[in-house]
Amino acid sequence: MDRVITTPLTDELVESLHAGDRLLITGTLYTARDAAHKQLAELIDKGEPLPIDLKGQIIYFVGPTPARPGEVIGSAGPTTSGRMDAYSPRLLDLGLKGMIGKGSRNEAVRESLKRNKAVYMAATGGAAALLAQRITAAKVVAYEDLGPEAIRELRVKEFPVVVINDMYGADLYAEGRKKFERKEDS
Amino acid sequence: MRELDVGRVSDAIAALAVDACCNLGEDVIRFLDQAIEREKSETGRDVLVQLLENARLAHDKRAPLCQDTGLAVVFLEVGQEVHFTGGDLETAVNEGVQRGYTNGYLRKSAVADPIGARKNTDDNTPAMLHTRIVPGDKVRVTLAPKGGGAENMSALAMLKPSQGRQGAIDFIVDTVSKAGSNACPPIIVGVGIGGTFEKVAYLAKHALLREVGSTNPDPRLAELEDEIERRCNLLGIGPAGLGGTITVMDVFVEELPAHIASMPVAVNIQCNSARHKRVIL
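From first to last, the protein sequence lines are chains W and F. Residues in the first sequence are numbered consecutively from 41, following my numbering. Residues in the second sequence are numbered consecutively from 2, following my numbering.
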């Protein structure tokens with residue numbers, strides 16, 4: 041049964057989430073992918089303030105297609121999260137509580153999730169038109185010059201995700217695969 | 002000699018870009034539909050249902066299936082009796098890409114200076130153009146938008162001839178295994194075998210244009226494709242990588258003779274948003 045949660049995420053909420061949980065998120069997501077992460081990391085390294093307050097927030101790794109006239113946003117499915125592995129721990133240390141993407145995360149990110157009580161979730165890769173239906177508002181809040189890679193604030197209603205890595209170290213990709221892996225002659 | 006204005010090539014490519022990005026092929030829809038019956042994982046079945054719903058919605062709303070509308074890979078098969086007029090062909094191809102991606106509200110995903118500034122070219126050019134001269138007086142234009150997620154998980158190896166058929170299969174299956182959830186399974190596996198370094202990569206890419214569910218006319222390659230598919234589906238990756246029995250939609254192999262010293266193998270992975278459309282001018 042899908043569980044509805046609302047943002048921002050609190051410690052208590054994250055503590056109740058487990059790998060494999062199917063969630064419907066209502067509230068705010070911030071979009072950021074490769075170029076925006078690079079710029080955020082540069083600001084952190086220089087000790088400068090970020091254009092958005094990450095405390096309790098969720099970043100969605102997505103670069104949407106342009107909105108057609110009259111539409112809130114174009115198609116908006118997840119991009120591969122692994123490319124953000126180099127940056128995510130620094131953002132989690134600043135209070136980021138959740139990330140949505142697709143594909144597995146490295147050891148450093150999984151450790152950072154445990155340390156910071158945060159969670160990594162996946163939306164279905166390739167279901168971008170469907171996912172866009174759950175986005176009710178979108179506005180660029182930073183790095184407009186990056187086009188599809190700009191940081192956007194999205195309002196979402198019952199945005200469907202599954203928990204991949206919880207704060208207890210579980211990994212749905214590894215578990216799911218192990219469950220269905222078969223040897224040659226079995 | 003037949004004269005053909007290059008503007009018609011531009012128009013065709015602009016139209017194909019939108020068509021390909023918004024309309025999933027009948028073959029892929031048929032596969033997903035049947036896969037729901039066969040997939041043993043409940044989560045996997047849910048993913049397949051979502052992908053079918055997504056395809057329906059994208060078609061009805063003329064919305065891109067995936068936000069990654071890719072780099073524009075263009076295959077031109079040009080009849081040798083054709084004389085292009087009205088400009089140069091490559092510029093016309095790029096003009097078509099620029100128009101299709103801009104007017105069609107598709108995402109522009111090309112960046113210049115890849116190891117430096119990575120600045121968006123703002124019109125999704127250049128097209129990744131492959132031109133072949135063939136008999137006849139027609140031009141066959143194929144556009145295959147290629148997203149980054151699955152492309153990044155593709156691989157090429159110059160294997161040793163002593164590694165043989167088994168070595169080739171192991172490399173291919175290992176590439177699919179490493180791709181895991183990153184490549185948006187269920188995937189299509191395009192395989193090139195033989196030729197030279199650049200040619201084998203082209204074969205793997207070109208193989209992806211085949212229809213899902215089709216059988217290779219060469220029985221030896223058909224058997225090889227079946228064996229690779231069976232081994233990949235034992236990996237347990239499943240739809241969206243959440244675990245399951247259907248990781249691969251199909252495996253397509255194209256082959257060329259190789260150098261006596263070489264055994265090149267290339268694996269080009271195609272995500273579930275398997276898009277390509279074709280028109281003959």
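From the three backbone atoms N, C-alpha and C, an ideal C-beta is built for every residue, glycine too. Values in this document were obtained by computation on a predicted structure and should not be read as measured data.
Check your understanding: Does P127(F) have its Cβ less than 8 Å from a Cβ in chain W?
Key -> Locating residue 127(F) in the second sequence gives position 126, counting from the first residue. Closer than 8 Å: no.
Point to revise | Residue nearest to L210(F) in terms of C-alpha spacing, selected from L5(F), G26(F) and F32(F) | key: Locating residue 210(F) in the second sequence gives position 209, where the first residue counts as 1. It is G26(F) whose Cα lies nearest to the Cα of L210(F).
Check your understanding: From A59(F) to E151(W), what distance separates their C-alpha atoms?
Key -> As a first step, residue 59(F) is located in the second sequence; it is residue number 58 there, counting from the start. As a first step, residue 151(W) is located in the first sequence; it is residue number 111 there, counting from the start. If you take the alpha carbons of A59(F) and E151(W), they lie about 38 Å apart.
Point to revise | Spatially closest choice to D69(F) from Q81(F), V98(F), D12(F) and C22(F), by CA coordinates | key: For the purposes of this step, residue 69(F) is taken as the residue at position 68 of the second sequence. Out of Q81(F), V98(F), D12(F) and C22(F), C22(F) has the C-alpha closest to the C-alpha of D69(F).
Practice item. Give the interface partners of V149(W) over in chain F, defined as CB-CB distance under 9 Å, in chain order. Key: Locating residue 149(W) in the first sequence gives position 109, where the first residue counts as 1. None at all; the shortest Cβ gap to chain F is about 14 Å.
Check your understanding: With 16 as the cutoff for other CB atoms within 10 Å, does T92(F) come out buried or exposed?
Key -> The sequence position of residue 92(F) within the second sequence is 91, counting from 1. So T92(F) ends up on the exposed side.
Check your understanding: Skipping 5 residues on each side, what residues in its chain have a beta carbon closer than 7 Å to that of A168(W)?
Key -> Locating residue 168(W) in the first sequence gives position 128, counting from the first residue. These residues qualify, in order along the chain: S115, A116 and G117.
Point to revise | Rounded C-alpha distance that separates V266(F) from E88(W) | key: Taking the first residue of the second sequence as position 1, residue 266(F) is located at position 265. Taking the first residue of the first sequence as position 1, residue 88(W) is located at position 48. Looking at the two C-alpha atoms, the distance is approximately 48 Å.
Check your understanding: Taking the C-alpha atoms as reference points, what is the distance between L132(W) and G209(W)?
Key -> Here the question's residue 132(W) lines up with position 92 in the first sequence. Here the question's residue 209(W) lines up with position 169 in the first sequence. Computed Cα separation, rounded: 15 Å.
Review point. Residue range of the alpha helix (DSSP H) that A93(F) falls in?
Key: Mapped onto the second sequence, residue 93(F) falls at position 92. Start and end: L90 to N104.
Practice item. Find out if the Cβ-Cβ distance for the pair Q99(F), N125(F) is shorter than 8 Å. Key: Taking the first residue of the second sequence as position 1, residue 99(F) is located at position 98. Taking the first residue of the second sequence as position 1, residue 125(F) is located at position 124. A contact, by the Cβ cut-off of 8 Å.
Exercise for review: Measure from the C-beta of I238(F) to each C-beta in chain W and report whether the shortest distance is under 8 Å.
Suggested key: Position 237 of the second sequence, counted from the start, is the residue given in the question as residue 238(F). Yes, its Cβ sits closer than 8 Å to a Cβ of chain W.
Check your understanding: Would you report the Cα separation of D138(F) and V79(F), rounded to the nearest angstrom?
Key -> Stepping through the second sequence from its first residue, residue 138(F) is reached at position 137. Stepping through the second sequence from its first residue, residue 79(F) is reached at position 78. Distance between the alpha carbons of D138(F) and V79(F): 8 Å.
**Study point:** Contact residues within the segment 110 to 125 of chain W, judged by C-beta distance below 9 Å to chain F
**Key:** E111, G114, S115, A116, G117, P118, T119, T120, S121, G122 and R123
Review point. In or out: P188(W) buried (at least 16 other Cβ within 10 Å) or exposed?
Key: For the purposes of this step, residue 188(W) is taken as residue 148 along the first sequence, with counting starting at 1. The residue in question, P188(W), is buried, as its Cβ has 16 or more Cβ neighbours within 10 Å.
Point to revise | Beta-carbon contacts of K95(W) that lie in its chain and below 6 Å, excluding the five residues immediately before and after | key: Counting from one through the first sequence, the residue named residue 95(W) turns up at place 55. These residues qualify, in order along the chain: G135.
Practice item. Note down, in chain order, each residue of its chain lying with its Cβ closer than 7 Å to the Cβ of G1(F), except the 5 sequence neighbours on either side. Key: Nothing can be reported for residue 1(F), as the shown portion of chain F is limited to 2 through 282.
Review point. Taking C-beta to C-beta, are A208(F) and V254(F) nearer than 8 Å?
Key: If you number the second sequence from 1, residue 208(F) lands on position 207. If you number the second sequence from 1, residue 254(F) lands on position 253. Yes.
Exercise for review: Have a look at Y213(W), E224(W) and V44(W) and flag the residue whose alpha-carbon is nearest the alpha-carbon of G239(F).
Suggested key: On the second sequence, position 238 is the one that residue 239(F) refers to. The residue with the shortest Cα to Cα distance from G239(F) is Y213(W).
Practice item. Please state whether DSSP places A178(W) in a helix, a strand or coil. Key: As a position in the first sequence, residue 178(W) is number 138, starting the count at 1. Correct three-state label for A178(W): strand.
**Study point:** Cβ-based contacts, 7 Å cut-off: residues of the segment 56 to 68 of chain F near chain W
**Key:** L58, A59, K62, A64, P65, L66, C67 and Q68
Exercise for review: Could you list the residues in the segment 211 to 225 of chain W with a C-beta less than 8 Å from some C-beta on chain F, going in chain order?
Suggested key: L212, Y213, E215, G216, R217, K218, K219, F220, E221, R222, K223 and E224
Check your understanding: For D61(W), does the count of other Cβ atoms within 10 angstroms reach 16, so buried, or fall short, so exposed?
Key -> Walking along the first sequence from the start, residue 61(W) turns up at place 21. By the neighbour-count rule (16 or more Cβ atoms within 10 Å), D61(W) is buried.
Review point. At a CB-CB cut-off below 8 Å, which residues of chain F make contact with T46(W)?
Key: For this step, residue 46(W) is matched to residue 6 along the first sequence. Simply none; closest approach about 23 Å.
Exercise for review: Give me the Cα-Cα distance between L90(W) and I84(W), rounded to the nearest whole angstrom.
Suggested key: To locate residue 90(W), count along the first sequence from 1; it is residue 50. To locate residue 84(W), count along the first sequence from 1; it is residue 44. The straight-line gap from Cα to Cα measures roughly 7 Å.
**Study point:** Proximity to P136(F) [Cα-Cα], best of E82(F), A113(F) and K120(F)
**Key:** Within the second sequence, numbered from 1, the residue matching residue 136(F) stands at position 135. When each option's Cα is compared against that of P136(F), the closest is E82(F).
Check your understanding: Alpha carbon to alpha carbon, how far is K41(F) from D123(F)?
Key -> Along the second sequence, read from residue 1 onward, the residue named residue 41(F) stands at position 40. Along the second sequence, read from residue 1 onward, the residue named residue 123(F) stands at position 122. So the two alpha carbons sit approximately 43 Å from each other.
Exercise for review: Identify, in the order they occur along the chain, each residue of the same chain with its Cβ nearer than 6 Å to the Cβ of V180(W), setting aside the five sequence neighbours on each side.
Suggested key: What you label residue 180(W) is simply residue 140 of the first sequence in a count that begins at 1. The residues are A190 and R192.
**Study point:** Spatially closest choice to V75(F) from R46(F), A118(F), N24(F) and R133(F), by CA coordinates
**Key:** The sequence position of residue 75(F) within the second sequence is 74, counting from 1. With distances taken between Cα atoms, V75(F) lies closest to R133(F).
Point to revise | Minimum C-alpha distance to E55(W) - residue among M207(W), E215(W), K218(W) and P106(W) | key: Residue mapping note: residue 55(W) aligns to position 15 of the first sequence, counting from 1. Ranking M207(W), E215(W), K218(W) and P106(W) by Cα distance to E55(W) puts M207(W) first.
Check your understanding: Of all the options V192(F), L257(F), G244(F) and L235(F), which has the alpha carbon lying nearest to the alpha carbon of L225(F)?
Key -> As a first step, residue 225(F) must be located in the second sequence, where it is residue number 224. Minimum Cα distance to L225(F) is reached at V192(F).
Exercise for review: Identify which residue in A18(F), S274(F) and D12(F) has its Cα closest to the Cα of G149(F).
Suggested key: The count along the second sequence starts at 1 and reaches residue 149(F) at position 148. Of the listed residues, the one whose Cα sits closest to G149(F) is S274(F).
**Study point:** Cβ contact (3+ pairs, closer than 8 Å) linking the segment 43 to 57 of chain W and the segment 99 to 109 of chain W
**Key:** no
Practice item. Please check the pair I1(F) and V213(F), which I expect to be a contact at CB under 8 Å, by giving their CB distance rounded to whole angstroms. Key: This structure does not reach residue 1(F), given that chain F is present from 2 up to 282, and the question cannot be answered.
Check your understanding: Quick one: is Y203(F) near chain W, going by C-beta distance under 8 Å?
Key -> Translated into the one-based positions of the second sequence, residue 203(F) becomes position 202. No, because no Cβ of chain W sits closer than 8 Å to the Cβ of Y203(F).
Exercise for review: Would you identify the three-state DSSP class for H277(F), choosing helix, strand or coil?
Suggested key: Against the second sequence, residue 277(F) aligns to sequence position 276. In this structure, H277(F) counts as coil in the three-state DSSP scheme.
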